[in-house]
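A.B. asks: Please see the structure below; I have some questions.
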Amino acid sequence: MAAAADVRDMLDLPAEGQPRPHKKQKVVEKRPEGITRELYALLGERAPPIAINENKYKGRPKWMNKLRVRPWSMTPFTNNARSDGLVLNHWQRKHESARPPVPAPAPEGSEMEVDQPKEDGEDAPKPPEQEYAFAKYNIKPRLPKRYTDDEYARLLKSEDWSREETDYLVDLVTEYDIRWVVIADRYDYQPPMDTEPDANAIVSAKQFRTMEQMKARYYFIAATMLSLEHPPSEMSEAEFELHEKMLKFEPDRERDRKELAALQLNRTADEVREEAMLLEELKRITSNEQSFITERRELYSRLEVPISVGNTTMYQSSAGLSQLLQTLLQADKSKKRRSILGDGAIPSPAGQTPTHTGGLGRAETPVTQAANKKGSMASRETQQNVRTLTPAEEARYGVQHHERVTAGVNFRSDRAQRLTQAKSNVQTQKLASALSELEIPVRLFMPTERVCKDFEKLIQSVNLLLDARKVSEKVESEIRVLEAAKAERERKYREANGIPEPEPAHPQVKTEAEDGDASVLNPSAGGAQAQSTIGNSAQDHAHGAEGNHKRSASVLSGTSESNKRQRR
Amino acid sequence: MNPSNPPQAAEYGGDEVSAIVLDPGYATTRAGFAGEDAPKSLIPTYYGKYNADGQEKLIYGDDIFVTPRPGLSIHNPINKDGIVEDWDMAEKVWEHSFTSRLTGTKPGNPFQNGLNDIPSEELPTEMEVESEEKPLSDSPLLMTEPGWNPAKAREKTIEIAMEKWDTPAFYLARTGVLAAFASGKASALVVDIGASNVSITPIHDGMILKRGVQHSPFGGDYISSQINALFKSNSPQPITITPHYLISAKAAVEAGQAPQAKYKTFPADKAPDASYRALLEERTLGEFKECVVQVWPGPTRLSALGPTGVSNEDMARTSPGRPFEFPDGYNQVFGVERFRVVESLFDAKAAIPDPESSFAPPTPAQTIPELIKASLAGVDVDIRPHLLANVVVTGGSSLLYGFTDRLNHELMQMFPGPRVRVTAPGNTSERRFGSWIGGSILASLGTFHQMWISKKEYEEHGPNIVEKRCK
Numbered sequence: 001m002a003a004a005a006d007v008r009d010m011l012d013l014p015a016e017g018q019p020r021p022h023k024k025q026k027v028v029e030k031r032p033e034g035i036t037r038e039l040y041a042l043l044g045e046r047a048p049p050i051a052i053n054e055n056k057y058k059g060r061p062k063w064m065n066k067l068r069v070r071p072w073s074m075t076p077f078t079n080n081a082r083s084d085g086l087v088l089n090h091w092q093r094k095h096e097s098a099r100p101p102v103p104a105p106a107p108e109g110s111e112m113e114v115d116q117p118k119e120d121g122e123d124a125p126k127p128p129e130q131e132y133a134f135a136k137y138n139i140k141p142r143l144p145k146r147y148t149d150d151e152y153a154r155l156l157k158s159e160d161w162s163r164e165e166t167d168y169l170v171d172l173v174t175e176y177d178i179r180w181v182v183i184a185d186r187y188d189y190q191p192p193m194d195t196e197p198d199a200n201a202i203v204s205a206k207q208f209r210t211m212e213q214m215k216a217r218y219y220f221i222a223a224t225m226l227s228l229e230h231p232p233s234e235m236s237e238a239e240f241e242l243h244e245k246m247l248k249f250e251p252d253r254e255r256d257r258k259e260l261a262a263l264q265l266n267r268t269a270d271e272v273r274e275e276a277m278l279l280e281e282l283k284r285i286t287s288n289e290q291s292f293i294t295e296r297r298e299l300y301s302r303l304e305v306p307i308s309v310g311n312t313t314m315y316q317s318s319a320g321l322s323q324l325l326q327t328l329l330q331a332d333k334s335k336k337r338r339s340i341l342g343d344g345a346i347p348s349p350a351g352q353t354p355t356h357t358g359g360l361g362r363a364e365t366p367v368t369q370a371a372n373k374k375g376s377m378a379s380r381e382t383q384q385n386v387r388t389l390t391p392a393e394e395a396r397y398g399v400q401h402h403e404r405v406t407a408g409v410n411f412r413s414d415r416a417q418r419l420t421q422a423k424s425n426v427q428t429q430k431l432a433s434a435l436s437e438l439e440i441p442v443r444l445f446m447p448t449e450r451v452c453k454d455f456e457k458l459i460q461s462v463n464l465l466l467d468a469r470k471v472s473e474k475v476e477s478e479i480r481v482l483e484a485a486k487a488e489r490e491r492k493y494r495e496a497n498g499i500p501e502p503e504p505a506h507p508q509v510k511t512e513a514e515d516g517d518a519s520v521l522n523p524s525a526g527g528a529q530a531q532s533t534i535g536n537s538a539q540d541h542a543h544g545a546e547g548n549h550k551r552s553a554s555v556l557s558g559t560s561e562s563n564k565r566q567r568r
Numbered sequence: 001m002n003p004s005n006p007p008q009a010a011e012y013g014g015d016e017v018s019a020i021v022l023d024p025g026y027a028t029t030r031a032g033f034a035g036e037d038a039p040k041s042l043i044p045t046y047y048g049k050y051n052a053d054g055q056e057k058l059i060y061g062d063d064i065f066v067t068p069r070p071g072l073s074i075h076n077p078i079n080k081d082g083i084v085e086d087w088d089m090a091e092k093v094w095e096h097s098f099t100s101r102l103t104g105t106k107p108g109n110p111f112q113n114g115l116n117d118i119p120s121e122e123l124p125t126e127m128e129v130e131s132e133e134k135p136l137s138d139s140p141l142l143m144t145e146p147g148w149n150p151a152k153a154r155e156k157t158i159e160i161a162m163e164k165w166d167t168p169a170f171y172l173a174r175t176g177v178l179a180a181f182a183s184g185k186a187s188a189l190v191v192d193i194g195a196s197n198v199s200i201t202p203i204h205d206g207m208i209l210k211r212g213v214q215h216s217p218f219g220g221d222y223i224s225s226q227i228n229a230l231f232k233s234n235s236p237q238p239i240t241i242t243p244h245y246l247i248s249a250k251a252a253v254e255a256g257q258a259p260q261a262k263y264k265t266f267p268a269d270k271a272p273d274a275s276y277r278a279l280l281e282e283r284t285l286g287e288f289k290e291c292v293v294q295v296w297p298g299p300t301r302l303s304a305l306g307p308t309g310v311s312n313e314d315m316a317r318t319s320p321g322r323p324f325e326f327p328d329g330y331n332q333v334f335g336v337e338r339f340r341v342v343e344s345l346f347d348a349k350a351a352i353p354d355p356e357s358s359f360a361p362p363t364p365a366q367t368i369p370e371l372i373k374a375s376l377a378g379v380d381v382d383i384r385p386h387l388l389a390n391v392v393v394t395g396g397s398s399l400l401y402g403f404t405d406r407l408n409h410e411l412m413q414m415f416p417g418p419r420v421r422v423t424a425p426g427n428t429s430e431r432r433f434g435s436w437i438g439g440s441i442l443a444s445l446g447t448f449h450q451m452w453i454s455k456k457e458y459e460e461h462g463p464n465i466v467e468k469r470c471k
């Protein structure tokens, strides 16, 4: 430490340039239990490579020791699934149902002492009130009800099956819960021997019933009974299905199937080997086919040119062309990268036209594209199957023909909006004030085709008016300047000639000036009246209004003149 | 998991009612409480009979091996077919199997146990006459039977259980079904290689298919007779087995040398019966089977040519032999012979001829693969593949070294098409007590308790009820 500080000192280095690295933390291993401190110290710093681990019985956690021991008792129980009320005994928690599962912590000692004997006394006579948990598993399949004698005689008679044997079969089916394998195994019908001798002679040649015969007979009975219970029209879906299945049972076919199954089971080793070989071959072929398909797809995707949809107007401008070039270059790059990666999917060169190259062939791509761009497809379709519409129809379907369609989506209302924007701010404001005077909102509420057209016309006429006013103002001011110059000249002339100033000339000029002002303001007022009948007439109206106001203005100026005179 | 909580009934499904499972076999009788993993009581089914002081005395359990009492004869209540013949003795042997270890002795009459002796003058004048204690009055009993047990024997069994032992509930299950349950299968083809019988039992949904049940008497005892035949024709000299009780001292000898032992001799009136000697010889043969005998693992028969063109016998010869020392000190290394003694289980022609044997040589239809084939032919074709995929091997004699491998090969050759899968627990006790373990599982299931035949039902319907209920 000191050495480093000295060196720094000598070399005029700033003291302690950076904080010294921390001293390595010494890993202090915990001394395992069961080894004395002294013995552990002898092991030195390095722990031995063998883990000193004592396998110890963990026992129960400490908190559990505080719990009160919950007693178990041998309790008798009955099983609801039994009819004879057999009482068996099993171990059960005492009071399991009565007490909450976790007993509240209570003063232990006293309770322990009090509890035990009392509980014993109480429990013993208590009958098991709970239903046996396993009784619910005692289930039987639902079988159609048994036939009566009458029903048997009417519907179920069979030449092959005697009544007794049918009964035996149905009993067996019920007993073994329709497990046919077991039923066929246990089937051992003993024909009654005490019938008359000739009948006995016929039956005594005891016939062996196959499972198919049994099934056919039973299904016939069950289906008949089922349809007696509910006619097929009233059956539930499941019942009907079952009924159909049972009616359609074909014992012969089933027998053939079993024979085939037996043949399949008893194949010789050679046959099995041959089959395995064939399967192997098939597997090889299919796997080869897979690789063949992937190779071919790779080839296709290399050859693939994206099928363009939509119009090509966007590529007709130079900007559009350069964009296309850009995207093509990009696609080329990524294609190279993809093919290195071995990916089948290649992005389409034209960014906007998605080309589907997934797991499908080339022929399918247009379809998926159409699905992607449904709108354009629809418009194309209408163009393709050309059908001239009458003007009325056109109006009805809202079909329009545009000479020039700009790319992208644009709104009619936007166009109307754009009209209200003039080149200069002042002009725009004037337009806006004119519109507000007409009580037309700047943004149209209902920009339908017709409204927009009318709005366009209105704006046009407003613009025209504004222009007219501008011109008239200009002319007015020119007149005024010239008049002033003329008056000056006359005054000079008169001063020079000593002629007194003529009085009434001044107000005349003033009136005209006022008139001009009014005419600036008034057309808008006239416009307001013309709002309902917007059109060319609006201009006439405005002119008419102007005329009116001119007169009123001159009247007004007349009064002001008299006022002036009175003041004087 | 908190050990103080009982397991959820839904995930455990057990409900133990302290039932006793009794699995009587030809060689041993197994008994224990349901829910345990091995029978607590395992005794030989053989019993001993001798005369002492003019009285006939009987001994049961392992005691029969111990003392060569004069005139002691050994008997078995069960015949070679696995069916009980001597019902009185069968009842006593079975009763011994559970009273000796399981139920224990009931607390006797306190007047008679010696602790409460009262002076004779105070003896009460009238003594209560206690009704006879019956050994099983508070335990349901599950018993097993072979699949071919006749109805009469079944009725007799329930009669004993109900009337002699007073069990509150009884059930009779087939060994095959239980062995299938022990390996967790409801449908299986159980191959049970017992002492007296080899049986093939097809099981569907927990029920045996009677038409498929096949059995032959070529089990463990037959293998013993084959070993005896081998010993008689042994090459340096014929080997005779001298049981331990006849030998007082022996000296170590070289392999194949004549034994040097001092023999005990019994005078004719003190000597035990020949059956006693046969029993003890059988014990030695059992050891021999465990240590030496080996099943040729296949895939082809021992007599056939192997895949490399070398005959299997030659191949077997190259494998190192296994030594065995007999009780008299004679010892020998057994080479290819040890394969031959069991080959006849799979290949009838390979049986070692022995005219003195009580076993007729097996017919080709009695080998295990043929029995399996016949068994499958007896069941519906639809379940055959399923059965072949669930072949359960059980029984003590199936523990012969290499047995399951060979069985697997034989079945694969016989049925190359369907998938063959042989299930055999590796644990020795699970294989020996397969049907007992299945019974232990069954009788401790909550859902099983509805199937017991209760005493009330028995009294109502008579012993015939067992035919209706234990299907």
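Sequences listed follow chains A and B, in order. Everything in the first sequence is counted per full-length UniProt numbering, starting at 1 for the first residue and increasing by one. Everything in the second sequence is counted per full-length UniProt numbering, starting at 1 for the first residue and increasing by one. Beta carbons: idealized from backbone N, C-alpha and C, even for Gly.
1. Can you check which of these residues, B/G439, B/R469, B/R211, B/G194, is closest to B/P202 by C-alpha distance?
2. What three-state label does DSSP hand A/P232 in the structure shown?
3. What are the boundary residues of the alpha helix (DSSP H) that A/E175 is part of?
4. Taking B/Y171 and B/V253 to be in contact with their CB atoms under 8 Å, please state how far apart those CB atoms are, rounded to whole angstroms.
5. Buried or exposed: which applies to B/R69, given that a residue is buried once 16 or more other Cβ atoms fall within 10 Å of its Cβ?
6. Answer yes or no: do A/R163 and A/Y152 have a C-beta to C-beta separation smaller than 8 Å?
7. So which residues on chain B does A/K258 lean against when the C-beta distance must stay under 9 Å?
8. Can you check whether the C-beta of B/G176 is within less than 8 Å of a C-beta belonging to chain A?
9. Out of B/M451, B/V393, B/Q226, B/R421, state which residue places its alpha-carbon closest to the alpha-carbon of B/T384.
10. Hey, does A/M277 have any beta-carbon neighbour from chain B nearer than 8 Å?
11. Taking three-plus beta-carbon pairs below 8 Å as touching, is the segment 447–466 of chain B in contact with the segment 185–205 of chain B?
12. Determine, using beta carbons only, whether A/Q264 comes closer than 8 Å to chain B.
13. Rounded C-beta distance between B/L280 and A/V181? I'm assuming under 8 Å.
14. Taking just the CA atoms, how far does B/C470 sit from B/A173?
15. Spell out the partners DSSP gives B/A249 in its beta bridges.
16. Which same chain residues end up closer than 8 Å to A/Q427 when comparing Cβ atoms and leaving out the 5 residues on each side of it in sequence?
17. With a cut-off of 8 Å on the beta carbons, I'd call B/V341 and B/L230 a contact; round off their distance for me.
18. Three-state secondary structure (DSSP) at B/S73?
19. Using a beta-carbon distance below 8 Å, is B/H204 in contact with chain A?
20. Do residue 482 of chain B and B/P168 have their C-beta atoms closer together than 8 Å?
21. Applying the criterion that 16 or more other CB atoms from any shown protein chain within 10 Å of the CB defines a buried residue, is A/Q116 buried or exposed?
22. What did DSSP end up calling B/N408 once you bin it into helix, strand or coil?
23. Is the number of C-beta pairs between the segment 230–245 of chain A and the segment 268–275 of chain A that are closer than 8 Å three or more?
24. Can you give the beta carbon distance from B/T242 to B/P327, rounded, assuming they're within the 8 Å contact cut?
25. Give a yes or no on whether 8 Å exceeds the smallest Cβ distance from A/G230 to chain B.
26. Quick one: does A/H137 have its CB under 8 Å from some CB of chain B?
27. For B/D354, name the three-state secondary structure that DSSP assigns.
28. Could you check whether the segment 390–410 of chain B touches the segment 289–303 of chain B, counting it as contact only if at least three pairs of C-beta atoms, one from each stretch, sit closer than 8 Å?
29. Keeping to the same chain, check which residues put their C-beta closer than 7 Å to that of A/M211; ignore five residues upstream and five downstream.
30. The segment 155–179 of chain B: which residues have C-beta closer than 8 Å to a C-beta of chain A, in chain order?
31. Tell me which same chain residues have a C-beta within less than 6 Å of the C-beta of A/L67, skipping the five on either side of it?
32. Would you verify that the beta carbon of residue 478 of chain B is, or is not, closer than 8 Å to some beta carbon of chain A?
33. Taking the alpha carbon of B/K152 as the reference point, which residue from B/S183, B/T394, B/E85, B/S137 has its own alpha carbon closest?
34. Along chain A, in chain order, which residues have C-beta atoms closer than 8 Å to that of B/T447?
C.D. replies: In terms of the structure at hand:
1. B/R211
2. helix
3. 163–175
4. Incorrect: roughly 54 Å between the Cβ atoms, too far for contact.
5. buried
6. yes
7. D380, V381, D382
8. no
9. Residue identity check: residue 384 of chain B is Arg in the sequence provided, not Thr. Nearest option by C-alpha distance: B/R421.
10. no
11. no
12. yes
13. Their Cβ separation, rounded to whole angstroms, is 46 Å, which puts B/L280 and A/V181 out of contact at 8 Å.
14. 7 Å
15. B/K262
16. L466
17. 5 Å
18. strand
19. yes
20. Nothing about residue 482 of chain B can be read from this structure; chain B reaches only from 1 to 471.
21. Here the model assigns A/Q116 a pLDDT of 38, short of 50, so the residue's position is not dependable and the matter cannot be decided.
22. helix
23. no
24. 6 Å
25. Reading the sequence as shown, one finds His at residue 230 of chain A and not Gly. A/H230 does not count as touching chain B.
26. Reading off the sequence, residue 137 of chain A comes out as Tyr, not His. Taking Cβ atoms only, chain B reaches closer than 8 Å to A/Y137, which makes this a yes.
27. coil
28. yes
29. W180, A184
30. P168, A169
31. none
32. Absent from the model: residue 478 of chain B. The displayed extent of chain B is 1 to 471, so no value can be given.
33. B/E85
34. F134, Y137, N138
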